[in-house]
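In UniProt numbering, the protein residues as written are 1 to 347.
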């Protein structure tokens with residue numbers, strides 16, 4: 001990262017150029033672990049006077065100010081998990097956050113929640129959050145091409161990414177596997193004689209999502225041409241606009257898979273506006289299995305993932321990495337969760 005080299009009691013240290021120094025910067029400058037910095041800054045036992053002086057000198061030179069957590073509002077015995085989500089206005093993320101908080105509480109951990117949406121500098125946000133917690137879970141760099149660049153070595157704490165594909169990172173993560181759920185959806189729709197399916201995807205014009213590719217390819221294997229509509233961000237609004245575009249290109253469509261449940265609500269609204277019946281004329285399926293789907297009219301069929309299981313696995317990985325019982329990288333640092341089709345009224 002950009003910054004200036006400074007001399008810290010004989011140590012070649014780094015002063016960040018993009019904001020205040022974090023505990024990770026001090027640890028790197030003093031050549032010690034993040035936990036050693038915590039001991040030195042809080043006058044705790046288990047550290048030699050020489051090492052303590054080295055850490056304090058590095059902290060002073062870097063103008064490091066401990067967070068409120070480091071100043072003792074969290075007990076030394078209390079472990080803290082950082083949870084980073086993308087956008088709390090998307091109902092998926094509050095449901096995930098609630099599940100993670102519950103899973104962490106069962107293990108005696110507290111949770112600090114951060115939202116990427118309003119961060120002006122995402123990487124700085126991640127580093128600062130890492131400086132306040134013992135492990136980090138969530139969508140770390142999920143919306144950025146360089147996802148995975150903020151490794152646990154750089155952050156100084158275990159990192160567990162959520163909804164990550166194995167090829168994206170070698171670090172810890174919970175892998176979402178949509179194949180089974182999409183195959184179940186295709187089988188279900190085919191059983192009703194669907195022949196003009198549409199995928200309204202949250203993607204750019206040239207890059208289908210994984211679930212979008214699976215849907216189109218799965219229908220192609222049956223000799224059916226599924227229309228793929230890249231609608232952009234996954235919102236109710238893009239669900240509406242995606243459906244309008246789909247009707248323009250395929251007015252006789254008979255089934256829609258939306259990228260997620262939120263977009264599917266937009267699809268239902270747009271179909272209602274056109275006087276098109278669901279499910280008698282068009283069958284609609286969302287993805288994620290959010291509780292709001294039960295409130296839709298008709299109730300939303302969805303390819304669901306169990307967020308309680310996702311949260312439990314993510315917390316187990318983070319706690320295990322923190323305790324040294326789980327590796328921080330490689331296959332042993334990842335867990336996989338599959339989607340399942342939940343059939344309700346809309347399909």
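Quick reminder that beta carbons are idealized off the backbone N, C-alpha and C, glycines included.
Local conformation of residue i per DSSP, three classes
{"i": "residue 39", "result": "helix"}
{"i": "residue 94", "result": "helix"}
{"i": "residue 219", "result": "helix"}
{"i": "residue 80", "result": "strand"}
{"i": "residue 323", "result": "helix"}
{"i": "residue 136", "result": "strand"}
{"i": "residue 252", "result": "coil"}
{"i": "residue 291", "result": "helix"}
{"i": "residue 245", "result": "helix"}
{"i": "residue 334", "result": "strand"}
{"i": "residue 45", "result": "coil"}
{"i": "residue 269", "result": "helix"}
{"i": "residue 276", "result": "coil"}
{"i": "residue 317", "result": "helix"}
{"i": "residue 117", "result": "coil"}
{"i": "residue 60", "result": "helix"}
{"i": "residue 87", "result": "coil"}
{"i": "residue 345", "result": "coil"}
{"i": "residue 51", "result": "helix"}
{"i": "residue 240", "result": "helix"}
{"i": "residue 261", "result": "helix"}
{"i": "residue 130", "result": "helix"}
{"i": "residue 225", "result": "coil"}
{"i": "residue 27", "result": "helix"}
Buried versus exposed call for residue i [16 or more other C-beta atoms within 10 Å across all chains shown]
{"i": "residue 52", "result": "buried"}
{"i": "residue 98", "result": "exposed"}
{"i": "residue 192", "result": "exposed"}
{"i": "residue 251", "result": "exposed"}
{"i": "residue 257", "result": "buried"}
{"i": "residue 209", "result": "buried"}
{"i": "residue 42", "result": "exposed"}
{"i": "residue 89", "result": "exposed"}
{"i": "residue 135", "result": "buried"}
{"i": "residue 44", "result": "exposed"}
{"i": "residue 120", "result": "exposed"}
{"i": "residue 230", "result": "buried"}
{"i": "residue 253", "result": "buried"}
{"i": "residue 342", "result": "buried"}
{"i": "residue 25", "result": "buried"}
{"i": "residue 132", "result": "buried"}
{"i": "residue 334", "result": "buried"}
{"i": "residue 172", "result": "buried"}
{"i": "residue 275", "result": "exposed"}
{"i": "residue 116", "result": "buried"}
{"i": "residue 207", "result": "exposed"}
Sheet register partners of residue i (DSSP bridge)
{"i": "residue 340", "result": "304"}
{"i": "residue 230", "result": "201"}
{"i": "residue 111", "result": "81"}
{"i": "residue 284", "result": "256"}
{"i": "residue 33", "result": "Answer by DSSP bridge pairing: none, since residue 33 is not bridged."}
{"i": "residue 329", "result": "171"}
Pick from the options that is closest to residue i, judged by C-alpha positions
{"i": "residue 346", "options": "284, 195 and 154", "result": "284"}
{"i": "residue 265", "options": "55, 195, 106 and 200", "result": "200"}
{"i": "residue 260", "options": "250, 248, 134 and 238", "result": "238"}
{"i": "residue 255", "options": "225, 105, 100 and 234", "result": "225"}
{"i": "residue 315", "options": "233, 175, 107 and 244", "result": "107"}
{"i": "residue 49", "options": "61, 36 and 60", "result": "36"}
{"i": "residue 129", "options": "117, 118, 305 and 113", "result": "113"}
{"i": "residue 183", "options": "204, 219 and 202", "result": "219"}
{"i": "residue 217", "options": "235, 84, 185 and 244", "result": "185"}
{"i": "residue 222", "options": "235, 187, 205 and 302", "result": "187"}
{"i": "residue 299", "options": "290, 275 and 62", "result": "290"}
{"i": "residue 83", "options": "91, 57 and 140", "result": "140"}
{"i": "residue 111", "options": "102, 118 and 278", "result": "102"}
{"i": "residue 96", "options": "326, 322, 332 and 308", "result": "308"}
{"i": "residue 93", "options": "62, 123 and 138", "result": "138"}
{"i": "residue 305", "options": "245, 177 and 157", "result": "177"}
Ignoring anything shorter than 4 residues, give me the alpha helix (DSSP H) runs that lie fully in the stretch 147 to 211, in order along the chain. You should have 152 to 155 and 179 to 191.
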